[in-house]
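Each remark here refers to the structure printed beneath this line.
There are 8 protein chains.
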Amino acid sequence: MHRDELRRLLENVKNNKVDVAEALDRLKNLPYEDLGFAVIDHHRALRKGFPEVIFCQGKTAEQIAWIFKKLCGGDRGILGTRASYEAFEKVKEIYPDAVYHELARTIVIGRGEKPVRKGKILVMSAGTADMPVAEEAAITAEVMGNEVRRIYDVGVAGIHRLLDKLDEMRWAHVIVVVAGMEGALASVVGGLADQPVIAVPTSVGYGASFNGLAALLSMLNSCASGVSVVNIDNGFGAAAMANAITRMIEGARV
Amino acid sequence: MHRDELRRLLENVKNNKVDVAEALDRLKNLPYEDLGFAVIDHHRALRKGFPEVIFCQGKTAEQIAWIFKKLCGGDRGILGTRASYEAFEKVKEIYPDAVYHELARTIVIGRGEKPVRKGKILVMSAGTADMPVAEEAAITAEVMGNEVRRIYDVGVAGIHRLLDKLDEMRWAHVIVVVAGMEGALASVVGGLADQPVIAVPTSVGYGASFNGLAALLSMLNSCASGVSVVNIDNGFGAAAMANAITRMIEGARV
Amino acid sequence: MHRDELRRLLENVKNNKVDVAEALDRLKNLPYEDLGFAVIDHHRALRKGFPEVIFCQGKTAEQIAWIFKKLCGGDRGILGTRASYEAFEKVKEIYPDAVYHELARTIVIGRGEKPVRKGKILVMSAGTADMPVAEEAAITAEVMGNEVRRIYDVGVAGIHRLLDKLDEMRWAHVIVVVAGMEGALASVVGGLADQPVIAVPTSVGYGASFNGLAALLSMLNSCASGVSVVNIDNGFGAAAMANAITRMIEGARV
Amino acid sequence: MHRDELRRLLENVKNNKVDVAEALDRLKNLPYEDLGFAVIDHHRALRKGFPEVIFCQGKTAEQIAWIFKKLCGGDRGILGTRASYEAFEKVKEIYPDAVYHELARTIVIGRGEKPVRKGKILVMSAGTADMPVAEEAAITAEVMGNEVRRIYDVGVAGIHRLLDKLDEMRWAHVIVVVAGMEGALASVVGGLADQPVIAVPTSVGYGASFNGLAALLSMLNSCASGVSVVNIDNGFGAAAMANAITRMIEGARV
Amino acid sequence: MHRDELRRLLENVKNNKVDVAEALDRLKNLPYEDLGFAVIDHHRALRKGFPEVIFCQGKTAEQIAWIFKKLCGGDRGILGTRASYEAFEKVKEIYPDAVYHELARTIVIGRGEKPVRKGKILVMSAGTADMPVAEEAAITAEVMGNEVRRIYDVGVAGIHRLLDKLDEMRWAHVIVVVAGMEGALASVVGGLADQPVIAVPTSVGYGASFNGLAALLSMLNSCASGVSVVNIDNGFGAAAMANAITRMIEGARV
Amino acid sequence: MHRDELRRLLENVKNNKVDVAEALDRLKNLPYEDLGFAVIDHHRALRKGFPEVIFCQGKTAEQIAWIFKKLCGGDRGILGTRASYEAFEKVKEIYPDAVYHELARTIVIGRGEKPVRKGKILVMSAGTADMPVAEEAAITAEVMGNEVRRIYDVGVAGIHRLLDKLDEMRWAHVIVVVAGMEGALASVVGGLADQPVIAVPTSVGYGASFNGLAALLSMLNSCASGVSVVNIDNGFGAAAMANAITRMIEGARV
Amino acid sequence: MHRDELRRLLENVKNNKVDVAEALDRLKNLPYEDLGFAVIDHHRALRKGFPEVIFCQGKTAEQIAWIFKKLCGGDRGILGTRASYEAFEKVKEIYPDAVYHELARTIVIGRGEKPVRKGKILVMSAGTADMPVAEEAAITAEVMGNEVRRIYDVGVAGIHRLLDKLDEMRWAHVIVVVAGMEGALASVVGGLADQPVIAVPTSVGYGASFNGLAALLSMLNSCASGVSVVNIDNGFGAAAMANAITRMIEGARV
Amino acid sequence: MHRDELRRLLENVKNNKVDVAEALDRLKNLPYEDLGFAVIDHHRALRKGFPEVIFCQGKTAEQIAWIFKKLCGGDRGILGTRASYEAFEKVKEIYPDAVYHELARTIVIGRGEKPVRKGKILVMSAGTADMPVAEEAAITAEVMGNEVRRIYDVGVAGIHRLLDKLDEMRWAHVIVVVAGMEGALASVVGGLADQPVIAVPTSVGYGASFNGLAALLSMLNSCASGVSVVNIDNGFGAAAMANAITRMIEGARV
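Chains as they are written, first to last, in this note's numbering: chain A, 1091 to 1344; chain B, 1091 to 1344; chain C, 1091 to 1344; chain D, 1091 to 1344; chain E, 1091 to 1344; chain F, 1091 to 1344; chain G, 1091 to 1344; chain H, 1091 to 1344.
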C-alpha cells in the first residue's frame, strides 16, 4: 500500500500533476511517519484480532471507563486487566455487553470465549491461591483467540495429581505454569513436557517468599530446559508470550 | 508399542504361554518403568536429533572427556557448553571430528552447522561483550537443527543501527535478545517484533549491574508484550526455549 | 492389596473371565493410578489421624466455611491456620464444636487437645510478641496428637531465665524455637540441647529486621549443630516437621 | 568585599574610631558567620527567584499550612511537593492565590507558569502512569523559571512514537526522562540526544520492579553516555538538577 | 550423681571430715562448673561416639594437623570437613590411619564406615554437581554411626528417575535432600515421603542462583510439609540434624 | 555476700543447726538461682533508677495499660515507647501522673525530666522528619536520669548551621546523631567530635532509601572513627547505649 | 543536504532522467537510512572533537590494540578506559604517541591535556583510594577538551579541609564528586555548591559497603538538591555527563 | 585563648605595633584556619597520644612504607591495619623498632603494649576464626593506651564457657564483642553486661552468612539494650569507639 502510494506520488511528479516542492513536503516527514506507520500497520495487520489491552491497576473507575470509551469502536475486542468490580460497573454502563471475570479480575468487551484460532494453550497452577493469576492468563489467551484448557491445583507436593494429567499436557502447543511459594511446578512440568513452557511466579506465599522473589528465582534457575519466565503475577504477559508462539505456529511460515 | 507388548503378555497369559506368577513379576515394576520409559521414549522420539548436552563448567578436562565418551555412540550429536579449550583438546584426542567454538566456548560432535530443520532463529546482542553468551545461544540452536542468523552490537544507545535490521527481524520465527548492562534491547525489540522474544540478561557490566541483576530485572519488567526471560548468561537455555518453539511450529499440529 | 488385585485380573484373563481388551483397558491407566493411589494410600495410612489443614490467610470467611464443609465428614480432625475470628464464627455456625485459639489464630474441629500419641514437643519463644507463631506451632502439634509444653519469653538478653528451664528441655523429643529480632535463641538452645531443634524465625522486629530476614539468616548460620530452619512465621511448618520426627520415633522402626 | 570590610574595621581600630572591645565583638562570630552568611548570601544571590520548597509527604494539612505561613512574605515563590488536596485547601484559606496541580500533587504560590529565565527543559515520560512524577518535575522546573515542554507516553515498546519527537528533543538544553518498569527510555533517549539527560526511575510497575529498583538499576547501567540518575520518584530532584544546569548555561561564565 | 556428691560433701562437713573452708572452696565454683559440667557431661554421655569435628576451610594444612593432634587421643573419632588434600597429607603424616574422602573433602580418623547404630539416613541429590555437599552429609552421618544410603542425580527435570526410588525412600528414618539451582527436589521428595526431610541448598548454579540463594528460598517456601532447611552447602549440618533425629529414635524414650 | 551466706550455711550444717537434707534443698537450686539472681541483683543495683521499658508497638491500648499496671509499684519509673495517644489515655485512667510526649510517642510515669545524674547527652537530628526518633532518644535518655540537649534540623546540606553548633557539641559526653535519607550527618559529626557518637538511621526518605537501609549502610561505612550504629528508627536503643556510657563515666572506676 | 538530494531525485523523476521504478528503489530504504544517517551526522557534527572511547576491561591486550587500530585515522582522539599497562604497551607499539595514565588506567592518543574548550570541571574525591576513579573522570574530561581541576582527599571526616576549598569550588561549571564508603561528600558538596553536582560512588570500602552499594544509595538519597548519580566506579560516565553540560554551556543557545 | 590572641592583635593594631596590612594577612585565613585549626588543635590536644592510623589494605608495600615515612617523626605512634607481612618488611627496613602482629595484621611503631591510660577494654570473640578481627580491635585499643583483656572462643553454642567469664566481664569499662556466623554472642553478652557493648560482625561463615550480613543484621536487631554496632570486620572501628568511651571516662568531666 505504502509502496503504491509512493509510486503514485512519483508518477504524479513525473506527470507534473504534483510539483517538486509539494512532493518534497509530503516526503519530508516520510522517514519517521513511514517507519512509524509501516511498523504499526505491519503490527496491526499481523495482530488483527488481538484486543486492545488496558492495565487497570492504579486507575480510578472513571479513568478506566474513559479509556474504554476512547479505544472502543473498531471490531477488535478490548481487555481490561487487574480491574475491580467497581471499574467494571462503570464500563458496563457504557457497554452493556462487557463481561467481568471475577477471579481473573478482567473486563472483556466484544470477544466471546470460543476460540477463533487454532492455538492450544494449557494453563496449569500449583495452588488454589494462584488461580487469579492463572485465570488472568487463561482469559487473556482466550480473548486473543486461542483454545485454552486449565489444570489447577497440581502442586508438586502431590506429584501423582500432576502425573495423572500427562495426556492433557500432550494436547497443548504451549504450557503456562503458574506457581507461587517455591515455584517448583515449572521445573517438574518442564521436565515432562516437550512444548515451550512459560513460567509465571506469583506473589502467593509469606515470609521468605518475599512477595514472589523465591518463586521467580526458582523458575529462572529451572534445571529443565525449554522454560522461560515472565514477571511476578504477570498472567497477562505469559498469555501474550504464549499467543506470540501460537500465532507463529498458525502462520506456519516454516 | 508398549500397548502391543502388554497385549501380547495378556494373550500369552490367556494362552498359558506365560503363567500368572511370571506375568505378575513382569507387571510388578510396570507402573514406574512404564511411566519412566513411556515418558522417556515419548521424549526421545519427539526430541529426535536433539543432542545430548554437557554443562562443562566446574568439571575438569578429564571428567568432561570421560562424559563425552560415555554419551557418544548413537547418531545424536553431543554439545558441551561452557567448555575450556583444554577440555576440548582432551575430547579431540578421542573424537578427532570434535569442533570447538572459541567465542561460544562450546564443543560440538557429530552435527554440522547446516540446518536440518526449518526453524528460523535470530540471535541479537547489544554489545560485543555479550557475544559469548549470544554465540552459546546461536551454536546451540544450530546444533539442534535450526537455521540461525546473528545481529550483534545493536545496543539501544545507537537505535538507528537496530532500525536498519527490521527486515532481518521479520525473517525469524523466534528472536533471542542477549544484553547486559541495562538490558533495554529486549524491550525495544519486543516492541518492534511480532514473534516471541526470548531475553537473555548477561553479567556484562560493573558496579550496580550486580552481575546481571540489573539486566534481569529490566527484562522481567519489559513494557513490551511477547517477551520472556531466562537466567543470566543462559545462552543455552534461550536456545532450548527457542528450539521448543520451532519444533512446535514444525510439528504444525494446529 | 494392589498385587492381589493384579493377580486376580491375570487369573481372570487366564480363565477367560476377562477378555484381553478389557484387561488392557483396566491396565491402561494402571501406571499413574497405581502410583497415585499407592502413594496416597500409603500416605494416608501412615498419616492416619493427621488432620486436614486449611491455610485461611487471604480467603474470605465464606470461602473458609465452605472448605471446612467440603473436607469434614471423616473421623480426622480439621485444622484452620491464620484464621480470623470472623472466619471462625462462620465455621461455628456449621460445626458448633469448632474451637478458636485466638492467639494462635487457629480453628480446630474434632480433636481435643489431650495427646493421643507419645510424641513430646517443646515449644520455646523468645519474646511475648513471638507468641502467636509459637501458639500456631503448639496447637498444630497438639492437634496432630503430640504432648506439647510451652516455655515462652526466654530471650537471650536474660539468659538466666533460659538456664532455669534446662530440666524441661530434657523432657522433649523435639524442640521448636520461635524467635524474631536477631533470633539468637535458636543457637543458645541448640548448644544446650541434644534433641533436634527446629527454628522458626518470626517477623517480629522493625528496621533492619527486614520482616524476619535478620532472624532467618541468623538461624541458618547457627553455630550450634542439630538445628534446622523453616520459613518466617511458619509455626505450622515447624510443628509438621516436629510431628514427622515424633511419628518416626513412635514408629520405632530402628 | 569581605576583605575590604575587614580592612576598614582594622583601620578604624587603628584610628580609634572603633574600640577593641567592639571590634572583638564584631570579629567574634566572624568565622562561622562569615562562612555561614557568605555561603548563604552567595547561595541566595545566585538562587534569586528560586522558590522555597516544602516536602509535604508525611505532614498533616495543618502543619503544611503553618510552614507555608512561616516561609511566605518575601517575593520568592513557594513550592509544596507531594501535597494532598486537603493540604492545598488549608493553604488556600490563607493564600487565595495558591494553585494546586492535581497530577503533580504540588502547591504553588507566587510564581506564574510563564518562564522568567531562558532555560529550556524537556520532560519525557514512558507511560501514563509515570505522569505524576513527570509533572512534579515539570511544574518544579517551571516554578524555578524555566521554559518546559512535555512529551509523555513515548515508551520504548512503540519506538516510532519516540522517533517522531526528535525535533522537539533538539529544542531542549536538558532532558528529564521519567520511566518506571524497565526504565529503558533513558538509554534510548541518551543515545539519541546530545544534551545532558537526567533519568528519574519511578515506582510504577509490580512484581520484580521492586518498587522502582528495576528502573533504577537499569538507568544506572545505561549504555548511553551523558545520563545521570536521581532517586526513585524524585521528580523534584531531577528538576533541581536540570535547573542547576540551565542556571549555569544562563550564567554563561564560559 | 551430682546430688549424691553434694550430699556426701555436706555429710563430711557435718562429720568434720571436711572443714568449712575446704567445702567452701569446692562449692565456690559450683554454680557455673555445675552448670557447665552437668551440661557437658550430659552432652558427652549422650553424644558418646560422636566424633570431634573440625571445620578446616580457611585454615592452613599445618593448623589443621595441629588441631587433629590436640583433639586426638580418646576413642572418639575425628572428622575434618572442607579439608584439602594437602591438609590430609599433613594429618596422615601423624595418623597413618587417617582416610580422605576426596569428593566430600573430609578427613576421618578412628571410625570405620560400617554403622554402629541403627539410624537409617538417605541422602538424595539433584545433580552430579551437588555430590560434594551430598557426600559431606553422607560421610558425616556415617562417621556418627548411622547407616547411610545414597540416591544421586535424581533432579526433578527427569521425575521418573525419582519415582523409581520410592521403595528406597521408604527405607529411611530421615531423608537429606541436597539440591542447587532451583532446589525443587526438596518439595517433590517432601510430598512423597512421610519421614522428616532435611533440605540442603547448594551453591551450584550461576546467574540468578546467587550462590545458592535461589535454592535456599525455594526450600524455605516448600509447599510440602515436614521439610526444614540448613545453610547453603551445609552438608555437615544436615547430617548433624539427621543424626539428632536418629539418636532420638534409638533413645526410644516415647 | 553470697560467699558469706554459703559459709554460714556450711557452718550451720557443721553445727547441726541445719540438717543435710535441708541444706541440700537450699543448695539444689543454687547454681541457676545464684547465677540468675546474682546477675539480676547486680544488674538491678547498678541500674538503680533505670526505668522499666515497654515497647508498645503492636499491642492494644488495653494490653499496654495492663502491663503498666503489672510493672508499677516500685519507685522506678516506667517508660512506654512507640505508644499511641489511645494507649496513653488508657494508662492515664490508672496513673493520672502519666505524661505523654506526642512527638516521641512515649508515655512516662514517675520520673520528672530534670536530670538526677550527671551524664550529658546531646541528641542531634538532620531533618524535621527525623524528630520523632530523636525525641524518643532524648526522652529515654532523660528518663534514665541524664541531662539532654537537642540540636535539630542541622542536615549536611546546610553545613554552616551545623558548624554554628560546635560549642554545644563540646558540652556533651556522648552524641546521638539521628538521620534518615543518606545519613551523612553521622560522618560529619563523627569527624568534628571527640566524643563517642551513636548513629541512628531513620526510615525517613523514599525510593532508594529502602526504609532506612541507605542511611544504615551509610552510617556503618562512616569514614569517621568513634561512630557506632543502632537499628533503624531505634531512638530508644541509642539512648540506652548512651546511658550505658554515661553510667560508666559516673562510675568513674578508672 | 539530504533535502537537496531528495529534491534532485524528484527533479530527475520529473525530467525523466530517473524512472519511477528506480526512484522507488532508491526511496525504499530511505526511511531508515535517512533516520540513521541523519541522526548519526547530527550527532557527529555536534560531537566534533569528542574522542572515540574504548572500554578495555575484559579485553586482551591484543584485542585492545586491534580496536585502536581500527578506530584511529581521523583527527579525533581515542580514549581507552580501564586499560592495563600491558594493553598500553601493545598500543604503544603501533602508536608511539600514546600516553598512559597509570592511576586513571587510561590510554590516550591524539589529544594533549590542555583544554581546547572553555568548560571548567572540578573533580573532588573523598579519599586517596578513590583517586583511580577520580582520575578516570578527570582524564576523560580533559580529553574531551575541558579544563579540569582536582581536589582530592577532602572526606567529610575532616570537614575543614573541604571548607578551605570553597573558592576553588566556585570556579567550576560542574563538580564531579567521587566517594566510596558512605559517600557523604556528595551531600556536603551539594549543599555548598550552586553548580550541578555529579556524584560517583566508588567500590572503595569493605563489609557493609557491599562493593559500593552503600555509597550509591547514600548519593541517591542526598538531602542536597542539584545532585545526580552515575554507576559505581563510573568515572568515565561522570565526565561524559559533565561534558554534556559544558558543551551545552558553550553552545550558549539560551 | 583564641579570643585573647585576637584581642592582643587588635590592641597591637591600635598601638601601631602591628600595621593593618600585617593584621589583615593574619586575619585573612582566620575564618577557615580558625575553624580548621581550632578544630584540629582541639582535636589534637584531646587526642594527644592517639596514633596516626594507616589503612593498608589495597596499597602496595612500597606505598605503605612511604606513608609511614611521611607520618613519622613526632612522638605519636603509628598504627598500620590490614597490613601484609611484606608491607611490614618494607617498613621495618626504615623503622627497625616496628612490630608486626601477625594475627591482627597490624604494624605498630613507637608505642609499647603496656597501657598508658586507665581505660579497661575487654575484647571477646565467638570462634577462633574471628580472632584476626578481635586482635585488630585489641591491638588498636592497646596502641591507643588502654588496658586490654581478651576472652576468645566463647560462642553461644557452649554457653557455659561464656558464663565462666562473668567476673572478667565485670572488670571492663567497655566490651567489644566480635562474632561471625549468626553473631548471637552480642545479644547474650549484652544481656549479661552493664557496660556499653560494641558489636563487630565478621565475615566468618559461608552460604547464607552472605559475607557477614547475617551477623550484622543479627547484631543490629539485638534484643539486649546497650549494644551498638560497627561495620563488618571493622576491629579498628570498634576499638576507636571503645577508646572514645574510655577517654571520656578518664576525662571525668561529669
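Cβ atoms here follow ideal geometry from the backbone N, Cα and C, with glycine treated the same way.
- Residues of chain G whose Cβ lies closer than 7 Å to the Cβ of Ala1219 (chain B) are, in chain order, Gly1148.
- When the five nearest sequence neighbours on each side are left out, the beta carbons in the same chain lying within less than 6 Å of the beta carbon of Gly1270 (chain A) are those of Asp1220, Thr1292, Val1294, Gly1295, Ala1305, in order along the chain.
- Counting along the chain, Gly1167 (chain E) sits inside no beta strand (DSSP E), nor does DSSP assign it H or E at all.
- The C-beta separation of Val1287 (chain D) from Val1267 (chain D) comes to about 6 Å, placing the pair in contact by the 8 Å criterion.
- Per the DSSP secondary-structure output, Phe1145 (chain A) pairs in a beta bridge with A:Thr1171.
- By the neighbour-count definition (other C-beta atoms within 10 Å, threshold 16), Pro1222 (chain B) is a buried residue.
- According to the DSSP assignment, Arg1251 (chain H) belongs to the alpha helix (DSSP H) that extends over 1249–1253.
- Taking a contact to require three or more Cβ pairs closer than 8 Å, the segment 1143–1157 of chain H and the segment 1175–1193 of chain H qualify as touching.
- Look at the segment 1213–1238 of chain D: the residues with a C-beta under 8 Å from a C-beta of chain B are Ala1216, Gly1217.
- Of all residues in the segment 1269–1290 of chain B, none is placed with a Cβ closer than 8 Å to any Cβ belonging to chain C.
- Residues of the same chain with a CB within less than 8 Å of the CB of Pro1205 (chain H), apart from the 5 flanking positions on each side, are Glu1232, Gly1235, Asn1236, Glu1237, Val1238 in chain order.
- In the three-state DSSP reduction, Val1103 (chain C) falls in the helix class (H, G or I).
- What Val1319 (chain D) touches in chain G, judged by beta-carbon distance under 9 Å, is Leu1310, Ser1318, Val1319, Val1320, Asn1321, going in chain order.
- Of E:Tyr1185, E:Gly1170, E:Ala1328, the smallest CA-CA separation from Glu1192 (chain E) is found for E:Gly1170.
- By the neighbour-count criterion, in which a residue is buried when 16 or more other Cβ atoms sit within 10 angstroms of its Cβ, Arg1098 (chain D) is exposed.
- The straight-line gap separating the alpha-carbon atoms of Trp1261 (chain D) and Asp1284 (chain D) is approximately 11 Å.
- Note that the C-beta distance between Gly1273 (chain G) and Ser1308 (chain F) is below 8 Å.
- DSSP places Ser1277 (chain A) in the uninterrupted alpha helix (DSSP H) bounded by 1275–1282.
- Per DSSP, Met1214 (chain E) lies in no alpha helix (DSSP H); the unbroken beta strand (DSSP E) holding it starts and ends at 1210–1215.
- Assigned with DSSP and collapsed to three states, Arg1260 (chain A) falls in helix.
- With contacts defined by Cβ atoms closer than 8 Å, Ala1330 (chain F) and Gly1245 (chain H) do not form a contacting pair.
- The Cβ atoms of Gly1297 (chain F) and Gly1341 (chain D) lie no closer than 8 Å to each other.
- Using a Cβ-Cβ cut-off of 8 Å, Arg1097 (chain C) is close to Val1110, Leu1114 of chain B, given in chain order.
- Going by DSSP, Pro1291 (chain G) is part of the beta strand (DSSP E) stretching over 1287–1291.
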